[in-house]
Amino acid sequence: MTQTTSAHHQGGTAPPPAARFDAVVRAAVGQGLLGEGGPVAGFIDTEGVRASVGALHDAFAATPEVLHTFAAKACSLVPVLRLLADCGMGCEVASPGELRLAVEAGFAASRVVLDSPAKTREEIRLALALGVAVNADSLDELRRIDALRNPGTASVLGLRVNPQVGGGSIGPMSTATDTSKFGVALRDPGAHEAIVEAFRERPWLTRLHTHVGSQGCPLELIADGVARTYELAEEINATLGVRRVTSLDIGGGLPVNFTDETVRPGYADYVAALTAAAPGLFSGRYSLVTEFGRSLLAKNGFIGARVEYTKNAGGRRIALTHAGAQTATRTVLMPDAWPLRIGAFGPDGTPKTGPSLAQDIAGPCCFAGDVVAYGRELPELAEDDVVVLYDTGAYYFSTPWAYNSLPRPAVYGFRAVAGPEDGSGHDGPVTFTTVRDAQSLDDIAAESGLAHADALIQRDG
Numbered sequence: 227m228t229q230t231t232s233a234h235h236q237g238g239t240a241p242p243p244a245a246r247f248d249a250v251v252r253a254a255v256g257q258g259l260l261g262e263g264g265p266v267a268g269f270i271d272t273e274g275v276r277a278s279v280g281a282l283h284d285a286f287a288a289t290p291e292v293l294h295t296f297a298a299k300a301c302s303l304v305p306v307l308r309l310l311a312d313c314g315m316g317c318e319v320a321s322p323g324e325l326r327l328a329v330e331a332g333f334a335a336s337r338v339v340l341d342s343p344a345k346t347r348e349e350i351r352l353a354l355a356l357g358v359a360v361n362a363d364s365l366d367e368l369r370r371i372d373a374l375r376n377p378g379t380a381s382v383l384g385l386r387v388n389p390q391v392g393g394g395s396i397g398p399m400s401t402a403t404d405t406s407k408f409g410v411a412l413r414d415p416g417a418h419e420a421i422v423e424a425f426r427e428r429p430w431l432t433r434l435h436t437h438v439g440s441q442g443c444p445l446e447l448i449a450d451g452v453a454r455t456y457e458l459a460e461e462i463n464a465t466l467g468v469r470r471v472t473s474l475d476i477g478g479g480l481p482v483n484f485t486d487e488t489v490r491p492g493y494a495d496y497v498a499a500l501t502a503a504a505p506g507l508f509s510g511r512y513s514l515v516t517e518f519g520r521s522l523l524a525k526n527g528f529i530g531a532r533v534e535y536t537k538n539a540g541g542r543r544i545a546l547t548h549a550g551a552q553t554a555t556r557t558v559l560m561p562d563a564w565p566l567r568i569g570a571f572g573p574d575g576t577p578k579t580g581p582s583l584a585q586d587i588a589g590p591c592c593f594a595g596d597v598v599a600y601g602r603e604l605p606e607l608a609e610d611d612v613v614v615l616y617d618t619g620a621y622y623f624s625t626p627w628a629y630n631s632l633p634r635p636a637v638y639g640f641r642a643v644a645g646p647e648d649g650s651g652h653d654g655p656v657t658f659t660t661v662r663d664a665q666s667l668d669d670i671a672a673e674s675g676l677a678h679a680d681a682l683i684q685r686d687g
């Protein structure tokens, strides 16, 4: 099934895919959010986010009991997390920082899940005190929880297993390979028996968790890993003669199509693949937890950046912009695995037209590989034009890299209202709200230890 991205315009139909954000770019330039004073910024479509969450809930509507959590790492911005909480999502966190953000965003403790392969004792203590769910990543971590757990804690406690079903096309995004650092390797000698014994010894251990991977992982691979975890839960319960495992955290990882505007695969495709691989998964015997991130946000956001200069070098045209490795890190470091669609706009924010020219779109970082797109056929870019990096609502501008002490970009949420339905093609107003202010130079200096500037200077007594 191919599902087109939901319309974010109120009271009207979706614009043609290539024009989805055109009015937003024009409004951002017109309102001064993109330009000399703001050469790069991220933008989030709030109505698009709500539509994506709605599609997720619709796909699982027949499931008796399911908690959908958002993977905070995909967009660790408190206003975005609060929007998702308002949409009925829970939150999956993987660090003390993300746990703090989830709390600040207003998620109830019962709707927060902590995953991480390297939890400290203090991190575990805090999670148990708050009552958030904790998925242990190893048998050693279970022994640590043994020593720290208060019998009165409200936390649901689980164990992550690695079903070892193999990897997808992007190795670093595949978490169910034979040698993955995550979970208890299910097919390693003695591991299967040790997992069953861990549940026998701990009546408070009631959940199994798995996550096969994300981008580059086909649905069949993800479904296979979930099916093996479901089978393990069935075996544990049968062996112990009691319904010890009561819930399954099946992770997230729905891949995103970065080649065009369509959303494929969709959540309904994911549910169909799981149903085929593990028919009993949705029977109600187990409550379910999901942990989607990229698939909810990627297509509901973009980066806009001003073109500062253009040049020719060795017969190649290069446009120097303010969006590079500091905000599109994965694309710059792994361009074949993370290609992005690029839009070209004039200084007034209107789409550029004219003959196409092969151009490199380079960033501001001081290393030669800081290029977000090579040889893209686009209308000829010039100084003060604007480029748009599409499908960057997840991971990109929300978690920038501090290379060259470049400032974190501002992030804005937006809503676009449909214009008259008279076929004129004119757009209605676009309203923006600040999600995160751009980082100032004072902020950068303070973050780099300004308060301790003399700490390393040797002074004679």
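Using my numbering, the final residue of the sequence shown is 687, and nothing's skipped along the way.
Just so you know, even glycine gets a beta-carbon here, dropped at the ideal spot from N, CA and C.
Because the structure is a prediction, the values reported are computed rather than measured.
Item: Assigned exposure category for Arg326 - 16 Cβ within 10 Å defines buried; Value: exposed
Item: Those runs of the beta strand (DSSP E) which lie wholly inside the region 469-522 and span at least 3 residues; Value: 473-475, 513-518
Item: As assigned by DSSP and simplified to three states, the class of His548; Value: coil
Item: Alpha-carbon to alpha-carbon, Ile448 and Arg470; Value: 24 Å
Item: Delimiting residues of the alpha helix (DSSP H) encompassing Leu583; Value: Note, Leu583: premise wrong, no alpha helix (DSSP H); beta strand (DSSP E) at 582-588.
Item: N- and C-terminal bounds of the beta strand (DSSP E) containing Asn463; Value: Asn463 -> not in any beta strand (DSSP E); alpha helix (DSSP H) instead, spanning 445-466.
Item: Alpha helix (DSSP H) segments (min. 4 residues) lying fully within the region 343-407; Value: 347-356, 365-374
Item: Reduced DSSP category for Phe425 - H, G, I as helix; E, B as strand; rest coil; Value: helix
Item: Exposed unless 16 or more other CB atoms sit within 10 angstroms - verdict on Pro415; Value: exposed
Item: Helix, strand or coil at Tyr535 according to DSSP, with G and I counted as helix; Value: strand
Item: Limits of the unbroken alpha helix (DSSP H) element including Ala254; Value: 248-256
Item: Range of the contiguous alpha helix (DSSP H) that encloses Arg337; Value: Unbroken run through Arg337: none, as it is neither H nor E.
Item: Counted within 10 angstroms of its Cβ, other Cβ atoms place Val251 as buried (16 or more) or exposed; Value: buried
Item: Thr346, buried or exposed, once every other Cβ within 10 Å from all chains shown has been counted against 16; Value: exposed
Item: Own chain residues within Cβ distance below 8 Å of Ala459, not counting five before or after; Value: Leu434, Val471, Leu474, Tyr512
Item: For Glu291, the nearest candidate out of Phe408, Ser278, Leu514, Asn388 (CA to CA); Value: Leu514
Item: Beta bridge counterpart(s) of Arg662 as assigned by DSSP; Value: Val637
Item: Nearest-angstrom beta carbon gap, Gly392 and Thr403 [assumed within contact, 8 Å]; Value: 6 Å
Item: Continuous alpha helix (DSSP H) stretch holding Ala328: start and end; Value: 322-331
Item: Cβ pair Thr405, Thr436 closer than 8 Å; Value: no
Item: Close Cβ partners of Lys537 (< 6 Å) along its chain, the five nearest in sequence each way excluded; Value: Ile544
Item: Exposed unless 16 or more other CB atoms sit within 10 angstroms - verdict on Pro635; Value: buried
Item: Check whether Val422 and Thr488 have beta carbons under 8 Å apart; Value: no
Item: Opening and closing residue of the beta strand (DSSP E) in which Ala297 lies; Value: 292-297
Item: Among Leu431, Gly451, Ala353, Arg426, nearest to Leu390 - alpha-carbon criterion; Value: In the sequence under discussion, the amino acid at residue 390 is Gln, which differs from the Leu named in the question. The shortest C-alpha separation from Gln390 is found at Gly451.
Item: Proximity winner among Asp486, Gly439, Ala300, relative to Gly569 (alpha-carbon distances); Value: Asp486
Item: Where Tyr622 falls: helix, strand or coil (DSSP); Value: coil
Item: contact_flag[the region 580-596, the region 548-561] where n(CB pairs < 8 Å) is 3 or more; Value: yes
Item: Contact under 8 Å by Cβ, Leu259 with Phe528; Value: no
Item: Residue closest to Gly274, alpha-carbon to alpha-carbon, out of Trp564, Arg386, Asp617; Value: Asp617
Item: Enclosing alpha helix (DSSP H) for His283 [first to last residue]; Value: 272-285
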